[in-house]
């Protein structure tokens, strides 16, 4: 995943497109005139959605885009043309928050109504740059539509409350929400939110709070929906997957077995980040899970430092020996196991000897993926008050770790081997597809339509630091046997028989809408009845089209009621 996700960079298809409609009495004389407070009909505007951060945040952004599109808003990538901006933030590092703040300032310069979401407004709601905007908390994303409506009317809304710990609902209420997947082949499921730690450097804890797990039945139902919609990879994500279920009497191994039971061949499960102290309790059952053919043999286990004294100041609740125990057990008991980890360079109080231990740990394991970060003091965290390592030394250590990571090659021994892979995305060079083997190595294959979303075998013909090159074994390609994924931009959860309105019907709908505006109240019922009869008579192409017409006619009628009500209110004020 890229560090910065942009949901606007995709062609979005909503259930019904409606142009912006404002009652005549409230129409502006020009773009410079302020938007009227109560003269905006909701669900007809364009929205620009942008998300920064982790896969959990990305899933939240997909849910918000899906709800808005399903309601009728049009998600667009041209932010200058959008009526509303929805900005979903990340607070892990200072640079990502700075980018978010700069985006807010740019929106204000363009006089854009904005809904600010994610960890930054949740953890720091009184930031002065938020003045005049709406704030939506990380546990309130199921209310994005109503917040968008009020924001477009010129109101500032703040919904930042958190779910109670004893709530029977999940962190955001439910997983049964429409979403627009950035990649139609990949479903990201947040299995829990928050964590059980109190790390001294972490700002995310201020936003996400303590652990709240989703019920296992709801997670399984979400996975089954995704599989029916043609998804090939299911990512299970959270701030710490190893803690899943501790608040509801369940566990990660039990959840994984539940998911394996409903996952057919050709679909892969991927477990997200887990901290060592909680994963240690399930080493044997989780090793068995990771050996399963429908589960990727990869795990992100952040160590952060190789020195116990540094880990103690971080309040990480484990020692370097604990981390090694997890890594050694998985490498010994799971064939082709791949371990990814994180390193923070220059944590307050980190001595030269502490740093040497961290370098030695990386040399020992030669991790194939290493996330290297300089220490950034986050406001309100205990680490921000600790005596810091000099900035120049922090940067030097970051460069040293980067050089060490670049010095070893983890894939060279794989040249000539044959792997079964699953192709799910387009490579950054736009010339290959990215496929993954059981170890989740990135293997570049030819960009052929019959390969995307399919499982086949490749022979490794070249290796690099971050990826391998695969030669497709043609006899193993069997395209078309899996369910077709949703078209890019189509919200999940829509009936498979739904079809995008044709251009001809779109023009007819506009004509009907203009005619509705001219009708008197007494004529309305007769006109609606005649319209329904006429459209029903023309429909001879199946139940799907009849349903579409009935829904759109109902929407037009509802739209007319909104217009006449608003106009009557305006007349009353005159």
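In my numbering, the protein residues as written are 849 to 1422.
Each residue gets a CB set at the ideal place from its N, CA and C atoms; glycine is no exception.
As the structure is a prediction and not an experimental result, all values here were calculated from the model.
Hey, could you find the ends of the beta strand (DSSP E) residue 898 is sitting in?
Here residue 898 refers to the residue found at position 50 when the chain shown is read from its first residue. Here the beta strand (DSSP E) through residue 898 covers 894-900.
Per-residue DSSP class, three states only, for residue 1372
If you number the chain shown from 1, residue 1372 lands on position 524. Here residue 1372 scores only 49 on pLDDT, less than 50, and its place in the model is too uncertain to base an answer on.
With DSSP collapsed to three states, give me the class of residue 1205.
Translated into positions along the chain shown, residue 1205 becomes position 357. Correct three-state label for residue 1205: helix.
Unbroken stretches of the beta strand (DSSP E), 3 residues or longer, contained in the segment 1090-1147:
1116-1119
Segment limits, alpha helix (DSSP H) that includes residue 992
Here residue 992 corresponds to residue number 144 of the chain shown, with the count starting at 1. Residues 992-1000.
Three or more C-beta pairs closer than 8 Å, one from the segment 1170-1186 and one from the segment 1143-1150: is that the case here?
yes
Per DSSP, cross-strand counterpart(s) of residue 1281:
For the purposes of this step, residue 1281 is identified with residue 433 of the chain shown, where counting begins at 1. Residue 1281 is bridged to 1274 and 1293.
Round the Cβ separation of residue 1070 and residue 1023 to the nearest angstrom and send it over; I've been treating them as touching at under 8 Å.
Position 222 of the chain shown, counted from the start, is the residue given in the question as residue 1070. Position 175 of the chain shown, counted from the start, is the residue given in the question as residue 1023. Indeed they touch by this definition, with Cβ atoms about 4 Å apart.
Excluding sequence positions up to five away, which residues of its chain have a Cβ less than 6 Å from the Cβ of residue 1035?
Sequence index remark: in the chain shown, residue 1035 carries index 187 (1-based). These residues qualify, in order along the chain: 1074, 1079 and 1082.
Considering only C-alpha positions, which residue in the set 1168, 1041 and 962 is nearest to residue 1010?
Position 162 of the chain shown, counting from 1, holds the residue named residue 1010. A check of alpha carbon separations from residue 1010 across 1168, 1041 and 962 identifies 1041 as the nearest.
Could you check whether residue 1059 and residue 1043 sit closer than 7 Å to each other, using their CB atoms as the reference points?
In the chain shown, counting from the first residue as 1, residue 1043 sits at position 195. In the chain shown, counting from the first residue as 1, residue 1059 sits at position 211. Taking 7 Å as the Cβ cut-off, residue 1043 and residue 1059 qualify as a contacting pair.
Assign residue 796 to one of three DSSP states: helix, strand, or coil.
Nothing can be reported for residue 796: it is not among the residues displayed for the chain, which extend from 849 to 1422.
Pull up the distance between the alpha-carbon of residue 934 and that of residue 895, whole angstroms please.
Within the chain shown, numbered from 1, the residue matching residue 934 stands at position 86. Within the chain shown, numbered from 1, the residue matching residue 895 stands at position 47. Approximately 7 Å between the Cα atoms of the pair.
Mind checking which residues open and close the beta strand (DSSP E) that includes residue 1031?
Within the chain shown, residue 1031 is the residue found at index 183, counting from 1. Residue 1031: not part of any beta strand (DSSP E); DSSP gives it neither H nor E.
Could you please give the first and the last residue of the uninterrupted alpha helix (DSSP H) stretch that includes residue 1238?
The residue given as residue 1238 occupies position 390 in the chain shown. That residue, residue 1238, is in no alpha helix (DSSP H); it is neither H nor E in DSSP.
Same chain only: Cβ atoms within 7 Å of residue 1311, ignoring 5 sequence neighbours per side
As a position in the chain shown, residue 1311 is number 463, starting the count at 1. The residues are 1259, 1260, 1262 and 1263.
Alpha carbon to alpha carbon, what distance is there between residue 1029 and residue 932?
The sequence position of residue 932 within the chain shown is 84, counting from 1. The sequence position of residue 1029 within the chain shown is 181, counting from 1. Each residue's alpha carbon lies about 20 Å from the other.
What does the alpha-carbon distance come out to for the pair residue 1369 and residue 910?
Within the chain shown, the letter at position 521 stands for residue 1369. Within the chain shown, the letter at position 62 stands for residue 910. With a pLDDT of only 48 at residue 1369, under 50, the local geometry of the prediction cannot be trusted, and the value read off the model is given with reservation. Cα-Cα distance, rounded: 40 Å.
Nearest-angstrom Cα separation, counted from residue 1278 out to residue 1247:
In the chain shown, residue 1247 corresponds to position 399, counting from 1. In the chain shown, residue 1278 corresponds to position 430, counting from 1. Approximately 30 Å, taken between the alpha carbons.
Indicate the three-state DSSP secondary structure (helix, strand or coil) for residue 975 in the structure shown.
What you label residue 975 is simply residue 127 of the chain shown in a count that begins at 1. Coil, per DSSP.
By the DSSP assignment, the alpha helix (DSSP H) with residue 1222 in it spans what residues?
Translated into positions along the chain shown, residue 1222 becomes position 374. It is not in any alpha helix (DSSP H) - residue 1222 instead sits in the beta strand (DSSP E) that spans 1217-1222.
C-alpha gap between residue 1104 and residue 1161, whole angstroms
Taking the first residue of the chain shown as position 1, residue 1104 is located at position 256. Taking the first residue of the chain shown as position 1, residue 1161 is located at position 313. In a straight line, the C-alpha of residue 1104 is about 33 Å away from that of residue 1161.
With a Cβ-Cβ cutoff of 7 Å, do residue 1308 and residue 1318 count as a contact?
Locating residue 1308 in the chain shown gives position 460, counting from the first residue. Locating residue 1318 in the chain shown gives position 470, counting from the first residue. In this structure, residue 1308 sits near residue 1318, with a CB-CB distance shorter than 7 Å.
Which value, in whole angstroms, describes the spacing of the CA atoms of residue 1222 and residue 1168?
On the chain shown, residue 1222 is found 374 positions in, with the first residue counted as 1. On the chain shown, residue 1168 is found 320 positions in, with the first residue counted as 1. So the alpha carbons of these two residues sit roughly 20 Å apart.
Using 10 angstroms around the beta-carbon of residue 1233, count the other beta-carbons present and answer buried if the total reaches 16, otherwise exposed.
Against the chain shown, residue 1233 aligns to sequence position 385. Counting Cβ neighbours within 10 Å, residue 1233 comes out exposed, since fewer than 16 surround it.
Which residues mark the beginning and the end of the alpha helix (DSSP H) in which residue 1180 is found?
Sequence index remark: in the chain shown, residue 1180 carries index 332 (1-based). Taken as a continuous stretch (DSSP letters only), the alpha helix (DSSP H) holding residue 1180 covers 1168-1181.
Is residue 1164 helix, strand or coil by DSSP?
To locate residue 1164, count along the chain shown from 1; it is residue 316. Residue 1164: coil per DSSP, three-state reduction.
Could you give the distance in angstroms between the alpha-carbon of residue 1183 and the alpha-carbon of residue 1213?
Counting from 1 along the chain shown, the entry for residue 1183 is found at position 335. Counting from 1 along the chain shown, the entry for residue 1213 is found at position 365. When rounded, the separation of the alpha-carbon atoms in residue 1183 and residue 1213 is 16 Å.
Integer Cβ distance of residue 987 from residue 1165, believed to fall under 8 Å:
As a position in the chain shown, residue 987 is number 139, starting the count at 1. As a position in the chain shown, residue 1165 is number 317, starting the count at 1. Wrong, their Cβ atoms sit about 25 Å apart, outside the cutoff.
Limits of the unbroken alpha helix (DSSP H) element including residue 910
Stepping through the chain shown from its first residue, residue 910 is reached at position 62. Residue 910 -> alpha helix (DSSP H) spans 903-919.
Whole angstroms are fine: how far does the CA of residue 937 sit from the CA of residue 1053?
Your numbering for residue 1053 matches position 205 in the chain shown. Your numbering for residue 937 matches position 89 in the chain shown. One C-alpha to the other measures close to 14 Å.
Have a look at residue 999 and residue 982 and give me their C-alpha separation to the nearest angstrom.
Taking the first residue of the chain shown as 1, we reach residue 999 at position 151. Taking the first residue of the chain shown as 1, we reach residue 982 at position 134. Taking the straight line joining both Cα atoms gives about 7 Å.
Provide the residue span of the alpha helix (DSSP H) that contains residue 844, from first to last.
Only positions 849 to 1422 of the chain appear in this structure, which leaves residue 844 out of reach.
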